[in-house]
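Only one structure is covered here, and it is reproduced in the block below.
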Amino acid sequence: MAPDISEKDLYEVLGVLQDATVSEIKKAYRKKALTCHPDKNPDNPRAAKEWEELSKALEILADSEARAAYDKVLKARKANELRNRALESKRRKVKEELEAREAAFREEQDRSKGRDAAQQLKAVIKRLQEEGSRILAEEQRLLKEELQREGSGLRQEEDDPPRLKLKWKSKKSDDTNGGYSYDVLYRTLLKYGPITNLLVSSKKKGSAVVEFGTSRAAELAVQNESGLSTNPLELSWLSGQPKAATVAPSSSAQPPNSNADDDFESLVLQRLKSAGRQQRCGGQHAEEDKDVRQSAPQDGSRTSDFAAKEQYLRHTEDIASVPEDLLTSGDRAETVCSQEGSILQEGRPDRDCDTFKTSNSGRTEARDYESLALRRMRQVAERQKLIEQMAREDAGET
Numbered sequence: 001m002a003p004d005i006s007e008k009d010l011y012e013v014l015g016v017l018q019d020a021t022v023s024e025i026k027k028a029y030r031k032k033a034l035t036c037h038p039d040k041n042p043d044n045p046r047a048a049k050e051w052e053e054l055s056k057a058l059e060i061l062a063d064s065e066a067r068a069a070y071d072k073v074l075k076a077r078k079a080n081e082l083r084n085r086a087l088e089s090k091r092r093k094v095k096e097e098l099e100a101r102e103a104a105f106r107e108e109q110d111r112s113k114g115r116d117a118a119q120q121l122k123a124v125i126k127r128l129q130e131e132g133s134r135i136l137a138e139e140q141r142l143l144k145e146e147l148q149r150e151g152s153g154l155r156q157e158e159d160d161p162p163r164l165k166l167k168w169k170s171k172k173s174d175d176t177n178g179g180y181s182y183d184v185l186y187r188t189l190l191k192y193g194p195i196t197n198l199l200v201s202s203k204k205k206g207s208a209v210v211e212f213g214t215s216r217a218a219e220l221a222v223q224n225e226s227g228l229s230t231n232p233l234e235l236s237w238l239s240g241q242p243k244a245a246t247v248a249p250s251s252s253a254q255p256p257n258s259n260a261d262d263d264f265e266s267l268v269l270q271r272l273k274s275a276g277r278q279q280r281c282g283g284q285h286a287e288e289d290k291d292v293r294q295s296a297p298q299d300g301s302r303t304s305d306f307a308a309k310e311q312y313l314r315h316t317e318d319i320a321s322v323p324e325d326l327l328t329s330g331d332r333a334e335t336v337c338s339q340e341g342s343i344l345q346e347g348r349p350d351r352d353c354d355t356f357k358t359s360n361s362g363r364t365e366a367r368d369y370e371s372l373a374l375r376r377m378r379q380v381a382e383r384q385k386l387i388e389q390m391a392r393e394d395a396g397e398t
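Counting with full-length UniProt numbering, you get residues 1 to 398 for the letters of the sequence shown.
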């Protein structure tokens, strides 16, 4: 029995049942032979092989002993197939159960990892929030302290701003004004701190007045600035000198008319202060003005110069006409700042008005900013009048 034939189901090859008789097997063979004979199927390449299988099937099944042996082999093969099929089904079931358990285990691990990651994220967020709260509280504390320091400094300098008088040698015919112009002076003094006002006299050569934003800046300028090496600057205090400061002017040499200038500048400052107080004490201005005029020098060598400068004081009378409502609102104080910025000439130093915006968080801060607004308005009026006076004096000379 050929190995390839034993592996086939010969009953299936002939198309009969396993309990078919020999006559039925032969009849099936003859019927199949008509369709499988190679001579009748020249175009079928498998005809010869099918004919051979058909002949072998008839040879085995027609012999009783060969058929009995073949039946045993066929029965054992089918039993083995059944066992394998059962084992395969059980194996497949076990495999599916194992895969299901593995999938459940992985899913549980993923959920556990997700919970751990979520907890870690929450812990990180909480830590960042706590750190941010601490940082925010520290920044707020520092900002509050800075505002308190600035408010204290503003109250100290409100009625007595730090002003310095600048002098240098310059001839009337010198168009360069001794090498000092507005830009040169501004750049020279700006390194010590913010400059609020800077006025260079166009009538009197070699003279200027500067107002710093802080007393410390003015003090540093007095202590360290000497100007050009070819034409040194002489700096001296006009107002706002710190009480603890005992710094002398950079040079003790003064022109002959320096005392008259000092008297005049002091008179200007007194007049400005009296104009501001007139808002609250209406009847005091005339008496103070009388006292101030009586303090003018009487000697003949300084009377003419002082009298000419006295004319300037008449133009400061309208400073006291500040509207009352400007002194009662922090918001209007901010408006005054914006208006003063439009009055100043382009390129002139000025403080940023946003620095003085108030949050109206308390009456004390509101009063500070309102006082600051009044001070800034006085400075604008003083500057404007001084410019107009200088222009008129220049026009009179021509």
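All C-beta atoms, glycine included, are put in the ideal place defined by N, C-alpha and C.
The structure displayed is predicted, hence computed values, not measured ones.
Is residue i near the ligand ZN, going by C-beta to nearest heavy atom under 7 Å?
i	result
lysine 26	The ligand content of the structure shown is nil, which means the ligand ZN is not present either.
Going by CA-CA distance only, name the one from the options that's closest to residue i.
i	options	result
valine 73	Leu372, Arg134, Gln18	Gln18
leucine 185	Ser173, Asp174, Asp175, Leu199	Leu199
glutamate 53	Glu388, Ala33, Asn41, Ala69	Ala33
glutamine 379	Val209, Glu225, Arg216, Thr230	Val209
isoleucine 165	Gly240, Arg392, Val22	The sequence shown places lysine at residue 165, not isoleucine. Comparing Cα positions, the closest option is Gly240.
glutamate 219	Asn231, Lys191, Leu228, Ser207	Lys191
serine 64	Ala20, Ser112, Pro242	Ala20
leucine 10	Leu189, Asp183, Glu50, Ser133	Glu50
proline 242	Thr188, Asp160, Glu97	Asp160
serine 207	Tyr182, Trp168, Gly213	Trp168
glycine 213	Lys205, Ser170, Leu238, Arg163	Arg163
lysine 26	Asn44, Ser55, His37	Ser55
proline 194	His37, Tyr70, Ala221, Ile135	Ala221
glutamate 12	Asp43, His37, Asp71	Asp71
alanine 28	Glu59, Pro42, Glu99, Asn41	Glu59
leucine 238	Ser215, Ile135, Thr188	Ser215
lysine 8	Leu147, Ala118, Lys75	Lys75
serine 173	Ser112, Ser202, Glu99	Ser202
Start and end of the beta strand (DSSP E) containing residue i?
i	result
tryptophan 237	234–239
residue 399	With the chain covering 1 to 398 only, the question about residue 399 has no answer from this structure.
Decide if residue i is buried, meaning its Cβ has at least 16 other Cβ atoms within 10 Å, or exposed.
i	result
proline 323	Low local confidence applies: a pLDDT of 43 at proline 323 is under 50, so the model's placement there is unreliable, with the coordinate-based value given in what follows. The residue in question, proline 323, is exposed, as its Cβ has fewer than 16 Cβ neighbours within 10 Å.
isoleucine 319	Because the pLDDT of isoleucine 319 is 41, which lies under 50, any placement of that residue in the model is unreliable, and the number read from its coordinates should be weighed accordingly. Label assigned to isoleucine 319: buried.
asparagine 80	exposed
glycine 196	The sequence as given places threonine at residue 196; glycine does not occur at that position. Result: buried.
phenylalanine 105	exposed
arginine 101	exposed
valine 124	exposed
glutamate 211	buried
arginine 127	exposed
alanine 217	buried
glycine 114	exposed
alanine 391	exposed
glutamate 131	exposed
arginine 383	buried
lysine 31	exposed
asparagine 84	exposed
glycine 396	exposed
valine 94	exposed
arginine 376	buried
leucine 374	buried
glutamate 234	buried
glutamine 284	Because the pLDDT of glutamine 284 is 43, which lies under 50, any placement of that residue in the model is unreliable, and the question is left without a value.
isoleucine 387	exposed
alanine 381	buried
lysine 385	buried
glutamate 370	buried
leucine 372	buried
Quick check on the DSSP output: the alpha helix (DSSP H) that includes residue i runs from which residue to which?
i	result
serine 201	Segment: none, serine 201 is in no alpha helix (DSSP H) and carries neither H nor E.
alanine 56	The sequence shown places lysine at residue 56, rather than the alanine named in the question. From DSSP, the alpha helix (DSSP H) with lysine 56 extends over 47–62.
leucine 190	182–190
serine 23	22–36
leucine 10	10–14
leucine 220	215–224
Assuming the contact rule is C-beta atoms closer than 8 Å, residue i and residue j should be a hit. Round their C-beta distance to whole Å, please.
i	j	result
glycine 179	asparagine 224	Contact flag wrong, Cβ pair sits at about 19 Å.
valine 22	alanine 68	Between alanine 68 and valine 22 the Cβ distance is about 13 Å, and since that is not below 8 Å, they are no contact.
leucine 57	leucine 14	Residue 57 is actually alanine in this sequence, not leucine. That belief holds up - the Cβ atoms of alanine 57 and leucine 14 are roughly 5 Å apart, short of 8 Å.
lysine 171	lysine 204	At roughly 12 Å, the Cβ-Cβ gap does not stay under 8 Å, so lysine 171 and lysine 204 are not in contact.
threonine 176	glycine 227	That pair is no contact at about 14 Å.
Is the shortest distance between the beta-carbon of residue i and the beta-carbons of chain C less than 8 Å?
i	result
glutamate 12	In the displayed structure, chain C is absent; only one protein chain is listed.
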